[in-house]
Every structure is written in structure tokens, then in C-alpha cells.
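Structure first, commentary second.
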Amino acid sequence: MLDRLDQQPPDALLALIKLYNADPRGDKIDLGVGVYRTGQGETPVFGAIKAAERKLVEEQDTKAYLGPEGDMGFVHALMPHIFGPDATNNGRIEGMQTPGGTGAVRLAAALAKRAGVGRILMGTPSWPNHAQILADLGVEMAPFRHAAEDGTADLAGLKAALANAGEGDALLLHGCCHNPTGIDYSNEQWDEIAALLADSPVLPIVDLAYQGLGQGMEEDAYGARAVLAAVPEALIAYSCDKNFGLYRDRVGALYVQAREQSGLDAILSNGATLARAAWSMPPDHGAAAVRLVLRDSAMTEQWLDELDQMRTRIRQVRSKLAEAGVAGSVDLRPLGIQNGMFAMLPVSKEQVQKLREDHGIYMAGSGRINVAGLTLDNLPKFIAALADVTA
Ligand code: LMR
């Protein structure tokens, strides 16, 4: 029976990690999967997380099971950072821990489906796993164009999609640092989106996976907060994988805003049964470390400093790319006004392959680059190679 299963291609992005590792060239450049890298090309554990982990080893006296909602101390400690001073919006927001941002997005979509959502509107291109999760859950995806030609967000595309949507639809938005384009809505555009959603039965789902890597922790929460302030109900899928550097520890959360505080229990009980059936309960270690960081003001400050340094470096690389202007047929200038780790270059699959084979430069087949893979040392090589393959 099992031999009926067809061979599936490996996940293209994750396969790149192996390809890169197997390349013996000393000057190869990894612009593939979204992990932050320092100016020396490293992805160190945050100092604040190391300190919290040491404390955890000292203080943790059991590893007995938690429930499907995971570490609620972690879930609550994050809330003021995501939602601001009124972190529960008058008691209407509550959450649960999930295995990474992927677990949060999956749970959000599954919960929406259980509540009657049959179709999710989504700006494309998007993170490839979004479409994969929806397909796996049997939820239809309705794509609209996310990026306009000038490298800014195509708000008209979103408006047209919303105008044709209704009851039983949800809208998946990237809260900040759009993956894969780096093209975010401006605050004014978020205000417009929030006002449109306020007058619409469409359920907003905000994927907030890169808070702090765009313009700052507060600034990057603008969109999610604007939407939550305007609408009765929403789902927020959150990831700590990037902004706490906890990638393989799988640390995320799903937050629910209910119409009324009294509605939260029933919604979250559905989240709990879905989680129980899928993964029972989320892994604890990384979330516990985040909780310790956020409950200690010195460690919180250290974490925010480390996050500042990451964001500053990403912005520096973006400025350098924008200053370079044009490389072959690629206009790099819009990268200066975009946010976060990712940018989409208008290169063909053949050009991506040539960059890999001829120059040892690894990026997603879509033309997405992780700008954090660039350093002052390897940037000239990257620009010259891009000029070479697109000339
Ligand atoms: C990425 O897009 O590179 C990251 O979100 C990692 C992943 O799981 O795809």
C-alpha cells in the first residue's frame, strides 16, 4: 500500500542548505534560507538567550508535560511587545504556544477552517509554505498581486481582492518584513486596510514572523495593531525563531482576538484540540528561555540591543545594495526602502542556476535573496556576479 506513494521533490529551500554545505568553494555565499548572519557570516545564539538557558538549567526542576497550550508564561510575556500597552485589547486577546511560526500559521488556518472559512486571500508571491499549508488543510487559496512594479506594495490588488470577498473568507497578511519580497505596507496603507477590514466579514490572519527586523519592535507591530484595533476578530501567528534566533527550537504562538472576552475560551478550546491532534504540545525549551528573558529587565534590554544590532546590519547591507544602483539588468535601488531579511530579484531560474554553478552564490529559485547573507567582504563579489549573469 505504501508503495503507492509517489516520490516527492525535496523542499527546494531546505534542499539549498545541503547543496551549499556540500560546495567546497571557499568564497561561496549563502543567500538561501532565512537565518540572520553577522558581518562574519555567523548565526550565533543571542547572549540573552544563553544567559536564560543557563538560568533554566539551574532553576528548572521538572520536564513533566505542559498542556497543548504550552508555556502560558511565555505566551503572556510576549504580549506587551506585540500588542502594546493594552496587551489584551480589553481582555479580548489570548494565545497559546505553537511549534514555531509554521505551527502558528497552520493552527490559524485550521481554526479558521473549523469556524467556516473555506478560502484564504493571499498576496503573492508569498512564503511558499503558506500555500503548502493551505493545500494540506484543503483550504482554497485566492491569490492577488502583492508587489507593484516600482517595488512598493500593490494596495489596489488587495483592495480588489477584498471587494470580491465575503463571509467564509479570510485574508492572510504579513505583519512586517514581507517574505519573500521585503515589500511592506506603509502605515497609511495599514490604516486603509484596517478600515476596509472593519467593514468586511473577512477574517484577518496576520503572520508576524520578523518583528524587530524591519524598522523596530514597535514600528513593525503597527500593521497588526491597526488591524486589531479596527476589527472584532482576528488571528495573529507569531514566530520567535528570527527575533530571538531560536530557529531550530521552534518557538511560536497563536493569538486570538475574540469579539467579546467571553468568547475566547471556546475558540482556544478548539485551538487546544487541534494542537493535541497535531503535535500534542509544543517543545518547551526555547519558549521557556524567552519567558526568562522577558521577565528580567536586564536580559530584556540585552535581547533588544542584540536585535537592534541585527536590524542595523540588515539596513546597512540594504543601503549598500541600493547605493550600488544597478547590477546588469537588476535595479537594486528599491532594496533600500524595503524591510527585513528578504528581497526578490528579477532573475530567471537559469540565472539563479548560473549564480550557483559559476559563482557559488546560493539563493531560492524564485530569485529571493536573504540579504543577511551579504557582508562588506562578499558584497562586491555578489554585485559583480549578478551583473555577469544578467548582462
Ligand atoms: C525562510 O523563508 O527562509 C524561513 O521562513 C525558513 C523557512 O522555514 O522557510
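Take the sequence shown: its position 222, counted from the start at 1, is 222 in the UniProt record's numbering, and no numbers get skipped. Virtual Cβ for every residue (Gly too), placed ideally from N, Cα, C.
With the rule of 3 Cβ pairs closer than 8 Å, the region 375-390 does not count as touching the region 42-59. Residue pairing from DSSP places Phe144 in a beta bridge opposite Gly123. Annotation for Asn129 indicates a beta carbon within 7 Å of some heavy atom of ligand 1. In this structure, the alpha-carbon of Ala234 lies about 24 Å from that of Gly340.
Distance from Ala372 to Arg37 at the Cβ level is roughly 5 Å; contact confirmed, criterion being Cβ atoms closer than 8 Å.
Scanning Ser200, Thr98, Ser366 for the CA closest to the CA of Leu171 turns up Ser200.
Across the structure, Gly34 and Gln351 are spaced so that their CA atoms are roughly 21 Å apart. Distances taken from the Cβ of Val105 to the heavy atoms of ligand 1 include none shorter than 7 Å.
It is roughly 10 Å from the alpha-carbon of Ile17 to the alpha-carbon of Ala364. Per the coordinates, the alpha-carbon of Tyr222 lies some 23 Å from the alpha-carbon of Ala160. If you look at Ser239, you'll find it in the beta strand (DSSP E) that goes 234-239. Val57 has its Cβ no nearer than 7 Å to any heavy atom of ligand 1. With a threshold of 7 Å, the Cβ atom of Leu321 does not count as near ligand 1, since no heavy atom of the ligand is closer than that.
Each residue's CA atom was taken as its position, placing Lys354 and Val389 some 7 Å apart. These are the residues, in chain order, with a beta carbon less than 5 Å from any non-hydrogen atom of ligand 1: Val33, Gly34. With 16 or more other Cβ atoms from the protein chains shown falling within 10 Å of its own Cβ, Val206 counts as buried. Straight-line measurement puts the Cα of Gln40 at about 13 Å from the Cα of Lys28. For Ala156, the enclosing alpha helix (DSSP H) stretches over residues 155-163. Comparing alpha carbon positions, the residue from Trp190, Leu173, Arg276 closest to Met122 is Leu173. When C-alpha distances from Ala266 are compared across Glu188, Ile93, Phe244, the shortest belongs to Ile93. The region 248-258 makes contact with the region 91-105: 3 or more CB pairs, one atom from each, lie closer than 8 Å. CA-to-CA, the gap between Gln257 and Glu167 works out to about 18 Å.
With a cutoff of 8 Å on beta-carbon distance, Ala275 and Met96 are scored as near each other.
The straight-line gap separating the alpha-carbon atoms of Leu203 and Cys176 is approximately 18 Å.
Judged by beta-carbon spacing, Asp184 lies beyond the 8 Å limit of Ala226, meaning their Cβ atoms are not closer than that value. Under the DSSP assignment, Ala343 falls in the beta strand (DSSP E) whose first and last residues are 342-344. Here the C-alpha atom of Gly325 lies approximately 51 Å from the C-alpha atom of Asn270. Two segments are said to touch when three or more pairs of C-beta atoms, one from each, lie closer than 8 Å; by this definition the region 136-155 does not touch the region 308-327. Distance from the CA of Lys113 to the CA of Gln338, rounded to the nearest whole angstrom, comes to 33 Å. Counting along the chain, Thr98 sits inside the beta strand (DSSP E) bounded by residues 93-99. Straight across, the Cα-Cα distance linking Lys320 with Asp61 is about 49 Å. A direct Cα-Cα distance of roughly 11 Å separates Glu188 from Ala195. Taking 8 Å as the cut-off, the beta carbon of Ala289 is found no closer than this to the beta carbon of Leu31. Bounds of any alpha helix (DSSP H) do not take in Arg25, whose DSSP letter is neither H nor E.
Per DSSP, the continuous alpha helix (DSSP H) segment holding Leu228 begins and ends at 222-230.
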